[in-house]
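Undergrad:
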Amino acid sequence: MKMKIIVAAMLSVLSTFAMAQEFKVVTVVESIVPAGVGRSRMIEEKQGIDHKALTTERTDGSKSDQSDVKRSDIKIDAFSETKLLNFYSIAGINFQNIASNDAVITSKINDMVKEGWNLVFVSSAVESDAGKSDGVGIFITRLYFKR
Numbered sequence: 004m005k006m007k008i009i010v011a012a013m014l015s016v017l018s019t020f021a022m023a024q025e026f027k028v029v030t031v032v033e034s035i036v037p038a039g040v041g042r043s044r045m046i047e048e049k050q051g052i053d054h055k056a057l058t059t060e061r062t063d064g065s066k067s068d069q070s071d072v073k074r075s076d077i078k079i080d081a082f083s084e085t086k087l088l089n090f091y092s093i094a095g096i097n098f099q100n101i102a103s104n105d106a107v108i109t110s111k112i113n114d115m116v117k118e119g120w121n122l123v124f125v126s127s128a129v130e131s132d133a134g135k136s137d138g139v140g141i142f143i144t145r146l147y148f149k150r
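What follows is the structure, encoded as structure tokens:
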């Protein structure tokens with residue numbers, strides 16, 4: 004009887020390690036458009052998609068069947084969109100907006116951690132104002148979670 008309990012406990016522990024890991028990406032887009040006319044959002048997909056259905060293979064290096072994959076097949080309908088403030092106001096860079104966005108993003112991370120997710124990686128990029136004739140830009144951050 005003791006042996007059965009020990010074996011059952013060991014199998015239970017091993018099955019925990021055999022479970023597949025799950026990943027999630029949350030994207031933060033913060034506008035760096037002067038005068039605050041841009042849009043800033045935190046985006047989280049709520050509808051999975053199978054990348055295999057969107058993938059084609061090349062056999063000779065030049066012929067591609069990617070034109071068979073329609074843009075409408077890639078787009079999902081279900082996602083959450085959290086409003087954020089823009090980096091700039093009429094007076095220029097707005098530090099209160101940045102601090103407010105930090106509070107919202109921190110709230111999201113804390114909620115994800117409570118749901119069992121671990122923040123494992125962060126990547127960011129910027130497309131900034133390229134001069135007088137440009138006047139637009141975004142700062143994008145991707146938060147990668149795993150559980």
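Here our numbering runs 3 ahead of the position in the sequence shown, where the first position is 1.
Note that the Cβ used here is the ideal one computed from N, Cα and C, for glycine as well.
In this text, all values refer to a predicted model and were calculated from it rather than measured experimentally.
What are the boundary residues of the beta strand (DSSP E) that includes Phe98?
TA: As a working mapping, residue 98 is identified with position 95 in the sequence shown. First-last for Phe98: Phe98 to Lys117, but that is the alpha helix (DSSP H), not the beta strand (DSSP E).
Undergrad: Report yes or no: do three or more beta-carbon pairs, one from the region 57 to 68 and one from the region 106 to 123, lie closer than 8 Å?
TA: No, the region 57 to 68 is not in contact with the region 106 to 123.
Undergrad: Give the secondary structure of Ile79 by DSSP, where H, G and I count as helix, E and B as strand, and everything else as coil.
TA: Walking along the sequence shown from the start, residue 79 turns up at place 76. Three-state result, Ile79: coil.
Undergrad: What would DSSP say about Ile93, mapped onto helix, strand or coil?
TA: Stepping through the sequence shown from its first residue, residue 93 is reached at position 90. Here Ile93 sits in coil by DSSP.
Undergrad: Just verifying my parser: in three-state terms, what is the DSSP assignment at Ser34?
TA: The residue labelled residue 34 in the question sits at position 31 within the sequence shown. Ser34 falls in the strand class under three-state DSSP.
Undergrad: Using a threshold of 8 Å, state whether the C-beta atoms of Phe90 and Ser34 are closer than that.
TA: Counting from 1 along the sequence shown, the entry for residue 90 is found at position 87. Counting from 1 along the sequence shown, the entry for residue 34 is found at position 31. Yes, these two residues count as a Cβ contact at 8 Å.
Undergrad: From Ile78 to Val29, what distance separates their C-alpha atoms?
TA: Counting from one through the sequence shown, the residue named residue 78 turns up at place 75. Counting from one through the sequence shown, the residue named residue 29 turns up at place 26. Residue 78 is actually Lys in this sequence, not Ile. The alpha-carbon atoms of Lys78 and Val29 are separated by roughly 16 Å.
Undergrad: Can you grab the Cα-Cα spacing for the pair Thr144 / Arg42, in whole Å?
TA: Locating residue 144 in the sequence shown gives position 141, counting from the first residue. Locating residue 42 in the sequence shown gives position 39, counting from the first residue. In a straight line, the C-alpha of Thr144 is about 15 Å away from that of Arg42.
Undergrad: For the candidate residues Asp80, Phe148 and Val36, whose alpha-carbon lies nearest to that of Gln50?
TA: Locating residue 50 in the sequence shown gives position 47, counting from the first residue. Measuring C-alpha to C-alpha distances from Gln50 to each of Asp80, Phe148 and Val36 identifies Asp80 as the nearest.
Undergrad: Can you have a look at Val40 and say buried or exposed, based on whether 16 or more other CB atoms are within 10 angstroms of its CB?
TA: Mapped onto the sequence shown, residue 40 falls at position 37. Val40 is exposed by the Cβ-count criterion.
Undergrad: Is the CB-CB distance between Val32 and Ile108 below 8 Å?
TA: Stepping through the sequence shown from its first residue, residue 32 is reached at position 29. Stepping through the sequence shown from its first residue, residue 108 is reached at position 105. No, Cβ-Cβ distance for Val32 and Ile108 is not below 8 Å.
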